[in-house]
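J.: The structure under discussion is supplied below as structure tokens; questions concerning it will follow.
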Amino acid sequence: MFFLIRKYLATMSIHCPFDDGKCQGQFVCQKKSTKTSVETDVWFIGCNRWWDKSKKGSHYFEKLKNDIDPILLGKLFNGDETVSNK
Ligand SMILES: [Zn+2]
Numbered sequence: 004m005f006f007l008i009r010k011y012l013a014t015m016s017i018h019c020p021f022d023d024g025k026c027q028g029q030f031v032c033q034k035k036s037t038k039t040s041v042e043t044d045v046w047f048i049g050c051n052r053w054w055d056k057s058k059k060g061s062h063y064f065e066k067l068k069n070d071i072d073p074i075l076l077g078k079l080f081n082g083d084e085t086v087s088n089k
């Protein structure tokens, strides 16, 4: 839980670099399945306006480490969970 909250707060303190940091996107947790020898789910923190390529720059994108629960982190981003009542 500690790592997760630290990660959440660190992510909220930065801003998507797209369009010189004027991107209006929110950070979301997204899952991508890779099919290697075993099928594994890889989670990312990404900007939810990733599809917008009209301006220069690239949207925020970061692979999540294994010690972070992506479901819970996603809830924090969505506002379904809050840090303060934990
Ligand atoms: Zn963005």
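Going by our numbering, the residue at position 64 of the sequence shown is 67; the numbering climbs one at a time, nothing skipped.
By construction, the Cβ of each residue, glycine as well, lies at the ideal position given by its N, Cα and C atoms.
#1: Under a Cβ-count criterion, where at least 16 other Cβ atoms within 10 Å of its own Cβ denotes burial, should Ile74 be classed as buried or exposed?
#2: State whether the stretch 34 to 46 contacts the stretch 14 to 26, with contact taken as three or more CB pairs (one from each stretch) at a distance under 8 Å.
#3: Since Gly49 and Tyr63 should fall inside the 8 Å C-beta cutoff, what is the C-beta to C-beta distance between them, to a whole number of angstroms?
#4: Quick check on the burial criterion: 16 or more other C-beta atoms within 10 angstroms. Buried or exposed for Leu79?
#5: State yes or no: is the C-beta of Trp46 within less than 8 Å of the C-beta of Leu67?
T.: Taking the definition as stated:
#1: For the purposes of this step, residue 74 is taken as the residue at position 71 of the sequence shown. The residue is exposed, with fewer than 16 neighbouring Cβ atoms inside 10 Å.
#2: Not touching, per the Cβ criterion.
#3: The residue you call residue 49 lines up with position 46 of the sequence shown. The residue you call residue 63 lines up with position 60 of the sequence shown. Right, the Cβ-Cβ distance comes to about 7 Å (below 8 Å), so this counts as a contact.
#4: For the purposes of this step, residue 79 is taken as residue 76 along the sequence shown, with counting starting at 1. By the 10 Å Cβ count, Leu79 comes out buried.
#5: For the purposes of this step, residue 46 is identified with residue 43 of the sequence shown, where counting begins at 1. For the purposes of this step, residue 67 is identified with residue 64 of the sequence shown, where counting begins at 1. Yes, they are a contact pair.
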